[in-house]
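Take a look at the structure below.
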Amino acid sequence: MRQFKRYLVTSALPYANGPLHIGHLAGAYLSADVYVRFQRLMGKDILYICGSDEHGAAITIKAMKENLLPQEIVDTYHNLFKKTFERIGISFDMYHRTSAPIHHETSQEFFTKLYEKGEFLEKESEQYYDEKAGQFLADRYITGTCPKCDNPEAYGDQCEKCGSSLSPTDLINPVSTLTGDKPVMKKTVHWYLPLDKYETWLRHWIDTGELDGKQLHLPEEWKNHVLGQCKSWLDGGLQPRAMTRDLDWGVDVPHHIKGHEGKKLYVWMDAPIGYISATKQWAIDHKKNWKKYWQDDETSLIHFIGKDNIVFHCIIFPAILHAHGAYILPVNVPANQFMNLEGRKISTSRNWAVWVHEYLDEIPGRQDELRYTMIKNMPEQKDSEFTWKGYQDANNNELVNNLANFVNRVVVLTHKYYDGKVPDFDESMDIIGPEDKYDASYHDSELIRLFDDIQEMGDHIRAFDFRSGLKVLMDISTKGNQILQFNEPWKTIKDNPESVAVVMNLCLQYVAAIGVICRPFMPFTSDKIRLLLNQKPITENGELVKLLDKLAEGETILKKGHKIGEPVHLFTRIDDTIIQKQIDKLESTIVGHDDPSPAANNKNDTPELKSEITYEDFVKLDIRTATITGAEKIEKADKLLKLTLDLGFESRTVVSGIAEHYTPESIIGRKVSLLANLAPRKMRGVESQGMILMAENQEGKLSFISPEDNWENGQVVK
Numbered sequence: 174m175r176q177f178k179r180y181l182v183t184s185a186l187p188y189a190n191g192p193l194h195i196g197h198l199a200g201a202y203l204s205a206d207v208y209v210r211f212q213r214l215m216g217k218d219i220l221y222i223c224g225s226d227e228h229g230a231a232i233t234i235k236a237m238k239e240n241l242l243p244q245e246i247v248d249t250y251h252n253l254f255k256k257t258f259e260r261i262g263i264s265f266d267m268y269h270r271t272s273a274p275i276h277h278e279t280s281q282e283f284f285t286k287l288y289e290k291g292e293f294l295e296k297e298s299e300q301y302y303d304e305k306a307g308q309f310l311a312d313r314y315i316t317g318t319c320p321k322c323d324n325p326e327a328y329g330d331q332c333e334k335c336g337s338s339l340s341p342t343d344l345i346n347p348v349s350t351l352t353g354d355k356p357v358m359k360k361t362v363h364w365y366l367p368l369d370k371y372e373t374w375l376r377h378w379i380d381t382g383e384l385d386g387k388q389l390h391l392p393e394e395w396k397n398h399v400l401g402q403c404k405s406w407l408d409g410g411l412q413p414r415a416m417t418r419d420l421d422w423g424v425d426v427p428h429h430i431k432g433h434e435g436k437k438l439y440v441w442m443d444a445p446i447g448y449i450s451a452t453k454q455w456a457i458d459h460k461k462n463w464k465k466y467w468q469d470d471e472t473s474l475i476h477f478i479g480k481d482n483i484v485f486h487c488i489i490f491p492a493i494l495h496a497h498g499a500y501i502l503p504v505n506v507p508a509n510q511f512m513n514l515e516g517r518k519i520s521t522s523r524n525w526a527v528w529v530h531e532y533l534d535e536i537p538g539r540q541d542e543l544r545y546t547m548i549k550n551m552p553e554q555k556d557s558e559f560t561w562k563g564y565q566d567a568n569n570n571e572l573v574n575n576l577a578n579f580v581n582r583v584v585v586l587t588h589k590y591y592d593g594k595v596p597d598f599d600e601s602m603d604i605i606g607p608e609d610k611y612d613a614s615y616h617d618s619e620l621i622r623l624f625d626d627i628q629e630m631g632d633h634i635r636a637f638d639f640r641s642g643l644k645v646l647m648d649i650s651t652k653g654n655q656i657l658q659f660n661e662p663w664k665t666i667k668d669n670p671e672s673v674a675v676v677m678n679l680c681l682q683y684v685a686a687i688g689v690i691c692r693p694f695m696p697f698t699s700d701k702i703r704l705l706l707n708q709k710p711i712t713e714n715g716e717l718v719k720l721l722d723k724l725a726e727g728e729t730i731l732k733k734g735h736k737i738g739e740p741v742h743l744f745t746r747i748d749d750t751i752i753q754k755q756i757d758k759l760e761s762t763i764v765g766h767d768d769p770s771p772a773a774n775n776k777n778d779t780p781e782l783k784s785e786i787t788y789e790d791f792v793k794l795d796i797r798t799a800t801i802t803g804a805e806k807i808e809k810a811d812k813l814l815k816l817t818l819d820l821g822f823e824s825r826t827v828v829s830g831i832a833e834h835y836t837p838e839s840i841i842g843r844k845v846s847l848l849a850n851l852a853p854r855k856m857r858g859v860e861s862q863g864m865i866l867m868a869e870n871q872e873g874k875l876s877f878i879s880p881e882d883n884w885e886n887g888q889v890v891k
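If you use our numbering, the sequence shown corresponds to residues 174 to 891, in order.
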């Protein structure tokens with residue numbers, strides 16, 4: 174992984190025509206916040222930018238429906254966004270807005286630069302026109318049937334059901350959203366960005382990470398679904414895309430350009446430039462140089478988005494930046510998939526959503542409970558689901574029973590045995606470690622173990638695997654609980670107080686470490702722990718570096734004699750009445766209405782078929798019958814098992830991600846199907862020589878694809 178001098182992180186600009194729901198948090202904001210807070214704790218120069226996207230046809234449509242001005246609409250939602258983000262703990266360095274004068278100036282400068290370089294194509298075309306309304310219809314002013322999935326409510330630029338990017342003329346039976354009339358075609362002139370002209374370098378940059386002889390990013394660090402969507406677009410052939418629209422709300426085409434009258438910039442030209450204008454405003458406010466974040470190759474630019482914005486951030490915006498010539502391109506675009514709600518897709522139009530500001534009002538003081546549940550189920554690689562019962566279980570069974578229980582027991586016992594002071598201890602005494610009751614250990618070796626665990630958590634966060642990072646955090650709390658449970662200081666305090674002092678000092682160090690490392694995930698809980706331990710508030714300025722330095726040397730975080738605060742419960746149980754109230758609220762939205770669209774992972778649905786392959790592609794696969802003769806867990810890899818397979822004519826080692834579904838002892842002797850000619854791949858230091866075939870149901874459970882028991886090993890599956 175390349176090292177950079179600084180980092181610029183952006184989250185997709187939320188569109189200012191409605192409030193934020195949990196799908197927004199899961200898509201672009203929580204993941205970015207975890208990443209940014211962690212990098213700050215590591216002392217990195219990192220800037221986190223966002224703002225409200227305040228232009229486009231959807232806003233003018235909403236304004237007309239509500240008999241308001243577009244500015245009144247965006248003011249309302251911009252203020253709501255800003256307050257909601259602050260309340261849920263999203264820690265932007267700058268939250269800006271695209272209606273700001275500096276944004277209009279920056280967008281117009283970009284357009285002028287590309288215009289003067291001859292990058293645009295000026296083309297006359299026929300576009301839909303509403304004769305009754307007397308105006309051209311931009312993308313969102315037109316709805317119709319999607320030609321790819323038959324969704325009858327697709328927009329003129331995108332189908333929100335299947336995610337396909339569309340042009341208005343692609344729609345079947347188009348109608349104007351202004352009058353409901355069928356529009357007619359009428360000639361107009363616009364400026365187009367010739368994406369087809371950039372296709373070669375875009376493909377090379379996405380495939381290899383190289384551009385103009387420089388290695389800008391590593392493709393293997395990009396998510397598969399991001400690369401897949403980019404390649405799908407490129408394989409389909411890029412076409413020129415209009416960068417202007419016939420609208421009366423938005424950024425004006427610069428007035429010195431002939432034909433500018435009545436033309437505004439396309440929202441997907443102006444919106445991502447909002448990242449730049451926001452950075453400029455931050456620099457003005459803090460007397461900094463914005464250019465080093467946008468025009469220096471030593472900056473890592475990372476866009477956090479949802480999967481519906483991949484093409485805009487991986488193809489269109491990079492094309493605009495490169496055409497300008499003075500700007501860096503993104504090093505990564507770790508787009509998340511969608512989060513569904515109670516088995517169905519989130520639907521804002523049907524109010525099938527958990528609105529974040531309403532959650533904060535109705536279940537006050539539980540910001541981290543929501544953050545934890547969302548991160549635990551973050552749709553990093555595939556769509557995931559939020560359920561209120563799952564939220565309750567995550568709080569009661571994990572946050573309360575594990576984390577809060579551990580911290581509370583340590584603080585209570587410290588006050589009981591040592592008057593609330595960190596005890597001195599004998600470094601030569603051994604205790605029982607967290608692995609099992611026969612794991613003899615020493616205080617300093619346990620600090621080294623804690624160091625290793627925190628390093629693993631950091632590795633996951635750097636790789637945008639936030640779910641695994643959160644799991645390591647909770648595993649650390651579990652180990653702290655086990656140290657207490659195995660050593661039972663409440664039983665040995667009278668007969669062996671010296672040993673108890675070692676145990677309690679170590680557990681206090683665990684709590685102090687958790688107070689720092691939980692901050693990216695649960696910042697409000699971090700503040701509570703620091704207050705509980707009578708420590709200074711975290712400013713996110715290299716605190717984790719200092720903590721790791723101490724642990725690496727076997728030094729304690731809390732010094733002997735340090736006085737801690739009185740015990741306070743970090744989390745409390747959530748009872749059924751609170752949960753049922755939220756479920757009833759959701760279900761009331763579908764009474765008398767059509768049900769929201771079932772989610773793709775609903776138990777009654779099956780995943781869509783993948784693209785066709787040829788028979789020749791299929792026969793390249795060498796699938797053989799085999800028997801599992803050995804299985805063992807892989808250290809520090811909760812999802813992986815190391816399997817030994819008998820193919821009849823040879824033995825193979827295979828690493829398989831089934832540890833959360835099967836125990837090693839339960840699968841010895843199991844017949845399996847093995848993809849035997851898959852190229853070897855190292856995983857956690859073990860070379861995997863193939864892949865066993867599994868079926869996955871809509872709940873994510875795995876099952877072996879097995880031949881009958883009497884089949885010999887090594888037989889061909891075809």
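For each residue, glycine too, the CB sits at the ideal point set by N, CA and C.
Owing to the predicted nature of the structure, the values given are computational and were not obtained by experimental measurement.
Task: Strand pairing of G317, partner residues [DSSP] - done: A327
- [ ] Name the two residues that bound the continuous beta strand (DSSP E) containing V675.
- [x] That residue, V675, is in no beta strand (DSSP E); its alpha helix (DSSP H) goes P670 to I690.
Open item on the list: I'd like to know if the segment 341-349 and the segment 312-330 are in contact, where contact means that at least 3 CB-CB pairs between them fall below 8 Å.
Closed with: yes
Open item on the list: Using only the alpha-carbon positions, how far apart do R895 and E333 sit?
Closed with: The question about residue 895 has no answer here: the residues shown for the chain are numbered 174 through 891.
TODO: Let me know if L866 comes out buried or exposed under the rule of 16 or more other beta-carbons within 10 Å of its beta-carbon.
DONE: exposed
- [ ] Give the DSSP bridge partners of T826, in chain order.
- [x] T817
Task: D566 to L351 span [Cα, whole Å] - done: 46 Å
Task: Helix, strand or coil at K667 [DSSP, three-state] - done: coil
Task: For V584 and H616, the rounded distance between their alpha carbons - done: H616 and V584 have their C-alpha atoms spaced approximately 19 Å apart.
- [ ] Please determine, among Q682, G538, A451 and E372, the residue with the shortest C-alpha to C-alpha distance to G653.
- [x] Q682
Task: Completely contained beta strand (DSSP E) runs for the segment 489-537, where each covers 3 or more residues - done: 512-514
- [ ] Just confirm the distance between the C-beta atoms of L704 and Y466, as a whole number of angstroms; I'd bet it's less than 8 Å.
- [x] Contact doesn't hold; Cβ gap of about 34 Å is too wide.
TODO: Taking only runs that begin and end inside the segment 207-270, name each unbroken beta strand (DSSP E) of 3 or more residues, in chain order.
DONE: Listed in chain order, they are 218-225 and 267-270.
- [ ] Could you check the C-alpha separation between E716 and Y288 for me, to the nearest Å?
- [x] A direct Cα-Cα distance of roughly 47 Å separates E716 from Y288.
Task: Alpha-carbon to alpha-carbon, H476 and S641 - done: A straight-line Cα-Cα distance of about 21 Å links S641 and H476.
- [ ] Rank L813, R523, K594 and L759 by C-alpha distance to the C-alpha of G191 and give the top, closest one.
- [x] R523
- [ ] Report the option in Q281, V580 and F659 whose CA atom is closest to the CA atom of E608.
- [x] Taking the Cα of E608 as reference, the smallest distance to any Cα among Q281, V580 and F659 is reached at F659.
Task: Limits of the beta strand (DSSP E) - the one that M867 falls within - done: M867 to E869
TODO: Taking the CB atoms as reference points, tell me whether E542 and F744 lie closer together than 8 Å.
DONE: yes
Task: Chain-order list of residues whose beta-carbon lies under 6 Å from that of Q176 (same chain, five-residue window excluded) - done: none
Open item on the list: Please report the straight-line C-alpha distance between K776 and W374, rounded to a whole angstrom.
Closed with: Confidence is the limiting factor: at K776 the pLDDT is only 40, short of 50, which leaves the residue's position unreliable and the question unanswerable from this model.
TODO: Would you give the residue range spanned by the alpha helix (DSSP H) that R703 belongs to?
DONE: P696 to L705
Open item on the list: Along the chain, where does the beta strand (DSSP E) containing M358 start, and where does it finish?
Closed with: V357 to L366
Open item on the list: With H, G and I counted as helix, E and B as strand and the rest as coil, what does DSSP make of N346?
Closed with: strand
Task: Residue burial classification, V210 (beta-carbon count within 10 angstroms, cutoff 16) - done: It is Arg, not Val, that sits at residue 210 in the sequence shown. Counting Cβ neighbours within 10 Å, R210 comes out buried, since at least 16 surround it.
Open item on the list: According to DSSP, I475 sits in a beta bridge with which residue or residues?
Closed with: V182 and N505
Task: Cβ contact (3+ pairs, closer than 8 Å) linking the segment 846-863 and the segment 818-831 - done: yes
Task: C-alpha distance - K387 paired with V527, whole-angstrom precision - done: 44 Å
Task: Under the three-state DSSP convention, the category S272 falls into - done: If DSSP states are grouped into helix, strand and coil, S272 belongs with coil.
Open item on the list: Please return the same chain residues whose Cβ sits closer than 7 Å to the Cβ of K305, not counting the five positions on each side in sequence.
Closed with: T352 and D354
- [ ] Compute the Euclidean distance between the alpha carbons of E245 and H398, then round it to the nearest angstrom.
- [x] 38 Å
TODO: Out of Y532, P320, V673 and L657, point me to the one whose CA is closest to T597's CA.
DONE: The question names Thr, but residue 597 is Asp in the sequence shown. The candidate whose alpha carbon is nearest that of D597 is V673.
TODO: Kindly list the residues whose CB is nearer than 6 Å to the CB of A185, restricted to its own chain and excluding five residues on each side of it in sequence; keep chain order.
DONE: A201, I478 and N482
- [ ] Work out the CA separation of T712 and K644 for me, nearest whole Å.
- [x] 24 Å
Open item on the list: If you reduce the DSSP assignment to three classes, tell me which class I430 lands in.
Closed with: coil
Task: Reduced DSSP secondary structure (H/G/I, E/B, other) of Y371 - done: helix
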